[in-house]
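The sequence shown begins at 47 in the working numbering and counts up one residue at a time.
Some notes on the structure that comes next.
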Amino acid sequence: MKVAEIQMLHWMYGLTRGDRVWNETIRKKVGVTPVEIKMREGRLRWFGHVMRRGMDAPVRRCERIALDGFRQGRGRPKKYWGEVIRRDMVQLQLIEDMTLDRKIWRT
């Protein structure tokens, strides 16, 4: 993700990799926030929306679905949405109870 983002910033600013300009220098000149941060904001915004819904909402019912007899394939285990959200919340020192108050959650 980072590589594609930096390539696009190079292209937007009219530079090539041969110009040997640091990535952070280009990011400051263009004035954009990293894509990873924007993706995290979107994930947490959706998480707050889901958590404020009632337990009978379809989106909340999907959380409780148990997959019996599900066979895991070879390779790296799948990265699940809940795990990514937990990691994001730990990084930003957030707790799940904050989602109930929209004003606190949006800040």
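Backbone N, C-alpha and C define an ideal beta-carbon position, used for all residues, glycine too.
Spanning the alpha carbons of Phe116 and Arg148 requires a straight line of approximately 36 Å.
Contact check between the region 76–96 and the region 128–142: three or more CB pairs, one atom from each, fall below 8 Å, which counts as touching. By the Cβ test, the region 47–55 is in contact with the region 71–81, since at least three Cβ pairs between them sit closer than 8 Å.
Taking the C-beta atoms as reference points, Arg106 is found nearer than 9 Å to Val96. In this structure, Met47 sits near Met85, with a CB-CB distance shorter than 9 Å.
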